[in-house]
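Colleague: Before I ask anything, here is the structure I am working with.
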Amino acid sequence: MTQPDDKGRGIIGFAEKLLALLDEGRFTATYKYAVLIGLMDLCMENSLESGLAPESVTTRQLAEKVIEIYWPQTSFFNPDSSPSILLQNTNGQAEIVSSIATFRTKHAPDLSTPLAQARAAARPAFERLVNRIEWKLIQMPLPRVQRFETTEDRFVYEIGWTEDVQREEVLKYQRGERGHFDNQIRFKPGVGEYLLQLNGLLRPLIHRKWAAMVSRLNKLHDAQLEDFLFGVDRTSTTRIRGGIWELQQERCFYCSTRIREPHSAELDHFIPWSRYPDNGIENLVVADKTCNGYKRDFLAAGEHVLRWSTRFSPSSREAISLKTIAEPIGWERHPDRTWSAARVIYLRLQTDYKLWHFQREFVSADLERIRTAFHFAE
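Each residue of the sequence shown is one higher than the one before, counting from 23 in this note's numbering.
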């Protein structure tokens with residue numbers, strides 16, 4: 023896989039500059055964190071077949087991703103005592119958070135409703151929400167994210183507008199009319215690749231800084247917040263567990279042990295949530311309690327990857343069954359995104375990387391088997 027020519031020196035310099043940007047505390051809302059996490063996720067979801075990062079993403083893609091990131095955060099914190107939506111701005115609630123919360127109040131009043139279900143049930147209203155969030159990102163955080171004090175340093179991406187962008191130009195673009203607005207967010211040379219390589223380090227760091235800011239704004243302890251803001255999706259999985267259990271012929275995905283009842287099965291995120299938060303059905307497998315307890319946030323070994331990869335062939339029994347399970351209940355499903363993120367993670371592994379195999383057993387990454395799973399050829 024081809025990497026940027028200056029990856030050694032370049033990635034270190036990039037990381038140092040990004041850390042300095044995150045430490046610069048003059049921003050008043052959590053948008054900067056959401057934009058950076060969103061860009062990392064979009065690089066994973068839109069990778070090329072070789073696993074390399076895309077050269078650009080769009081403001082529309084980022085708006086949908088930011089809604090996805092903030093969606094669980096617009097649930098009530100401490101619902102049993104003093105239910106409230108956490109503040110994410112020093113001057114009242116952040117506008118993006120308020121817009122998402124308003125949409126939920128009108129179209130998904132049950133706060134356990136997954137985003138995919140709410141989006142499907144209120145498509146026109148959701149598109150209007152995306153338009154509002156996209157405009158807010160264009161107007162404010164995107165032109166400011168790369169600013170140190172009063173100095174701008176466009177070391178992450180280039181955009182074709184400034185803070186003076188006119189709403190009417192953006193509205194024309196959103197209506198599909200001809201205009202001058204360019205919605206591309208173009209990564210600086212090598213940056214998309216850097217974001218992919220640094221994902222495992224940057225994501226938890228950004229999460230901690232985000233939680234610390236929300237803690238200060240709401241006068242709460244950090245320990246109470248990080249899991250609420252970024253932990254595994256709190257949506258009940260009861261509706262899909264039985265279907266996946268049947269698809270796996272009532273057996274653990276990892277060790278093939280018989281699981282006698284669906285309520286005894288545990289749902290595991292094959293690509294760990296800590297590496298890429300994905301509640302799409304293709305990323306969910308049923309495991310017995312022992313395997314799920316040992317696997318935790320580790321990456322699974324090549325033989326598991328090879329077996330898991332069969333569900334991404336559209337005509338396979340697994341793919342058809344997963345679609346049949348997900349669609350009637352509006353469960354989240356985006357196999358292309360899930361596959362792209364997994365490809366990005368696995369095709370960057372070195373032969374000495376240890377992958378979880380069974381219980382306490384770890385094995386070196388079998389790159390040949392992994393490349394076979396992802397249909398990758400040098």
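Virtual Cβ for every residue (Gly too), placed ideally from N, Cα, C.
From a predicted model like this one, the values you see are computed outputs, not experimental measurements.
#1: Excluding the five sequence neighbours on either side, which residues of its own chain have a C-beta within less than 8 Å of the C-beta of Thr373, listed in chain order?
#2: Alpha carbons only, please: which of Leu224, Lys231 and Glu340 is nearest the one belonging to Leu247?
#3: Could you give the DSSP three-state label for His202: helix, strand or coil?
#4: Just how far apart, CA to CA, sit Ala309 and Glu272?
#5: Give the secondary structure of Arg370 by DSSP, where H, G and I count as helix, E and B as strand, and everything else as coil.
#6: Please classify Asp27: does DSSP put it in a helix, a strand, or coil?
#7: Taking DSSP as the reference, what is the three-state secondary structure of Glu401?
#8: Let me know if Gln95 comes out buried or exposed under the rule of 16 or more other beta-carbons within 10 Å of its beta-carbon.
#9: Could you give the distance in angstroms between the alpha-carbon of Asp132 and the alpha-carbon of Gly265?
#10: Distance, Cα to Cα, His285 vs Arg263?
#11: Count the other C-beta atoms from every protein chain shown that fall within 10 angstroms of the C-beta of Phe209, then say buried if there are 16 or more, exposed otherwise.
#12: Leaving out the 5 sequence neighbours to the left and right, which residues in its chain are closer than 7 Å to His326 when beta-carbon positions are compared?
#13: Take Gly324 and list the residues in its own chain whose beta-carbon comes closer than 6 Å to its own, dropping the five residues that flank it on each side.
#14: Can you tell me whether Thr127 is buried or exposed, with buried defined as 16 or more other CB within 10 angstroms of its CB?
#15: Looking at Gln139 and Gly352, is the spacing between their C-beta atoms short of 8 Å?
#16: Taking C-alpha atoms, which residue in Ile207, Val79, Phe148 and Met66 lies nearest to Pro165?
#17: Rounded to whole angstroms, what is the Cα-Cα separation between Glu288 and Ala51?
#18: Pick from Arg141, Ile107, Glu383 and Leu369: whose alpha carbon is nearest that of Ser72?
#19: Thinking C-beta only, is Val213 closer than 8 Å to Phe380?
#20: Which residue from Glu215, Ile160 and Gly253 puts its Cα closest to that of Glu190?
#21: Rounded to the nearest angstrom, what separates Ile33 and His229 at their Cα positions?
#22: With 16 as the cutoff for other CB atoms within 10 Å, does Gln168 come out buried or exposed?
#23: Count the other C-beta atoms from every protein chain shown that fall within 10 angstroms of the C-beta of Glu199, then say buried if there are 16 or more, exposed otherwise.
#24: Determine the DSSP secondary structure at Thr80, reduced to helix, strand or coil.
#25: Provide the residue span of the beta strand (DSSP E) that contains Leu227, from first to last.
#26: I'd like the span of the beta strand (DSSP E) that includes Glu383, first residue to last.
#27: Near Val57, which residues of its chain fall below 6 Å by C-beta distance, leaving aside the five closest residues on each side in sequence?
#28: Going along the chain, which residues of its own chain have a beta-carbon closer than 6 Å to the beta-carbon of Phe203, five neighbours each way excluded?
#29: May I ask you to report which of helix, strand or coil DSSP gives Thr52?
#30: Give me the Cα-Cα distance between Lys241 and Val88, rounded to the nearest whole angstrom.
#31: Which of the three DSSP states is assigned to Ile293 in this structure?
#32: With DSSP run on the structure shown, which of helix, strand or coil describes Thr96?
#33: Is the Cβ-Cβ distance between Val366 and Ser69 less than 8 Å?
#34: Would you check if the distance between the CB atom of Leu217 and the CB atom of Leu61 is smaller than 8 Å?
#35: Hey, Ala234 and Asp300 are a contact pair by Cβ (cut 8 Å); roughly how many whole angstroms apart?
#36: Could you compute how far the alpha carbon of Glu174 sits from the alpha carbon of Glu90?
Modeller: Quick answer:
#1: On the sequence shown, position 351 is the one that residue 373 refers to. Result list for Thr373: Ser386, Ala387 and Leu389, in chain order.
#2: Here residue 247 is taken as the residue at index 225 of the sequence shown, counted from 1. Here the closest residue by C-alpha is Lys231.
#3: In the sequence shown, residue 202 corresponds to position 180, counting from 1. The answer is coil: DSSP assigns His202 none of H, G, I, E or B.
#4: Locating residue 309 in the sequence shown gives position 287, where the first residue counts as 1. Locating residue 272 in the sequence shown gives position 250, where the first residue counts as 1. The alpha-carbon of Ala309 is positioned some 10 Å away from that of Glu272.
#5: For the purposes of this step, residue 370 is identified with residue 348 of the sequence shown, where counting begins at 1. The answer is coil: DSSP assigns Arg370 none of H, G, I, E or B.
#6: The residue labelled residue 27 in the question sits at position 5 within the sequence shown. For Asp27, the predicted structure reports a pLDDT of 41, less than 50, and the residue's modelled location is therefore unreliable. The matter cannot be settled from this model.
#7: The shown model of the chain, from 23 to 400, leaves out residue 401, and the question about it has no answer.
#8: Numbered from 1 along the sequence shown, position 73 holds the residue referred to as residue 95. So Gln95 counts as buried.
#9: Within the sequence shown, numbered from 1, the residue matching residue 132 stands at position 110. Within the sequence shown, numbered from 1, the residue matching residue 265 stands at position 243. Their backbone Cα atoms lie some 23 Å apart in a straight line.
#10: Counting from 1 along the sequence shown, the entry for residue 285 is found at position 263. Counting from 1 along the sequence shown, the entry for residue 263 is found at position 241. Taking the Cα positions, His285 is about 8 Å away from Arg263.
#11: By one-based count along the sequence shown, residue 209 stands at place 187. Within 10 angstroms of the beta-carbon of Phe209 lie 16 or more other beta-carbons, which makes it buried.
#12: By 1-based counting over the sequence shown, the position of residue 326 is 304. Within the same chain, Cβ atoms closer than 7 Å to the Cβ of His326 are found at Tyr276, the five residues on either side in sequence being excluded.
#13: Here residue 324 refers to the residue found at position 302 of the sequence shown. Result list for Gly324: Asp388, Arg391 and Ile392, in chain order.
#14: As a position in the sequence shown, residue 127 is number 105, starting the count at 1. Flag for Thr127 reads exposed.
#15: Translated into the one-based positions of the sequence shown, residue 352 becomes position 330. Translated into the one-based positions of the sequence shown, residue 139 becomes position 117. Gly352 is a Cβ neighbour of Gln139, given a cutoff of 8 Å.
#16: One-based indexing of the sequence shown puts residue 165 at position 143. For Pro165, the closest of Ile207, Val79, Phe148 and Met66 by C-alpha to C-alpha distance is Ile207.
#17: The residue given as residue 288 occupies position 266 in the sequence shown. The residue given as residue 51 occupies position 29 in the sequence shown. Glu288 and Ala51: Cα-Cα distance of roughly 37 Å.
#18: Against the sequence shown, residue 72 aligns to sequence position 50. Here the closest residue by C-alpha is Leu369.
#19: The sequence position of residue 380 within the sequence shown is 358, counting from 1. The sequence position of residue 213 within the sequence shown is 191, counting from 1. Taking 8 Å as the Cβ cut-off, Phe380 and Val213 do not qualify as a contacting pair.
#20: Along the sequence shown, one-based indexing puts residue 190 at 168. When only C-alpha atoms are compared, the closest one is Ile160.
#21: Residue numbering aside, residue 33 sits at position 11 when the sequence shown is read from its first letter. Residue numbering aside, residue 229 sits at position 207 when the sequence shown is read from its first letter. Between Ile33 and His229, the C-alpha separation is close to 21 Å.
#22: By 1-based counting over the sequence shown, the position of residue 168 is 146. So Gln168 counts as buried.
#23: In the sequence shown, counting from the first residue as 1, residue 199 sits at position 177. Glu199 should be labelled exposed.
#24: Against the sequence shown, residue 80 aligns to sequence position 58. In this structure, Thr80 counts as strand in the three-state DSSP scheme.
#25: Stepping through the sequence shown from its first residue, residue 227 is reached at position 205. No beta strand (DSSP E) holds Leu227; the alpha helix (DSSP H) holding it covers Asn221 to Asn240.
#26: For the purposes of this step, residue 383 is identified with residue 361 of the sequence shown, where counting begins at 1. First-last of the beta strand (DSSP E) with Glu383: Glu383 to Ser386.
#27: Taking the sequence shown and counting its residues from 1, one reaches residue 57 at position 35. Spatial neighbours of Val57 in its own chain (CB-CB distance under 6 Å, excluding positions within 5 residues in sequence) are listed in chain order as Pro163 and Val167.
#28: As a first step, residue 203 must be located in the sequence shown, where it is residue number 181. For Phe203, where only same-chain residues beyond five positions count, the Cβ hits under 6 Å are Glu191, Val192 and Tyr195.
#29: Residue numbering aside, residue 52 sits at position 30 when the sequence shown is read from its first letter. Reduced to three states, the DSSP call for Thr52 is coil.
#30: The residue given as residue 241 occupies position 219 in the sequence shown. The residue given as residue 88 occupies position 66 in the sequence shown. Cα to Cα, the separation comes out at about 24 Å.
#31: To locate residue 293, count along the sequence shown from 1; it is residue 271. It is coil, neither helix nor strand.
#32: One-based indexing of the sequence shown puts residue 96 at position 74. Reduced to three states, the DSSP call for Thr96 is helix.
#33: Taking the sequence shown and counting its residues from 1, one reaches residue 366 at position 344. Taking the sequence shown and counting its residues from 1, one reaches residue 69 at position 47. A contact, by the Cβ cut-off of 8 Å.
#34: Residue mapping note: residue 217 aligns to position 195 of the sequence shown, counting from 1. Residue mapping note: residue 61 aligns to position 39 of the sequence shown, counting from 1. In this structure, Leu61 lies closer than 8 Å to Leu217 by Cβ.
#35: Position 212 of the sequence shown, counted from the start, is the residue given in the question as residue 234. Position 278 of the sequence shown, counted from the start, is the residue given in the question as residue 300. About 25 Å; that fails the 8 Å criterion.
#36: By 1-based counting over the sequence shown, the position of residue 174 is 152. By 1-based counting over the sequence shown, the position of residue 90 is 68. A straight line joining the alpha-carbon of Glu174 with that of Glu90 spans about 28 Å.
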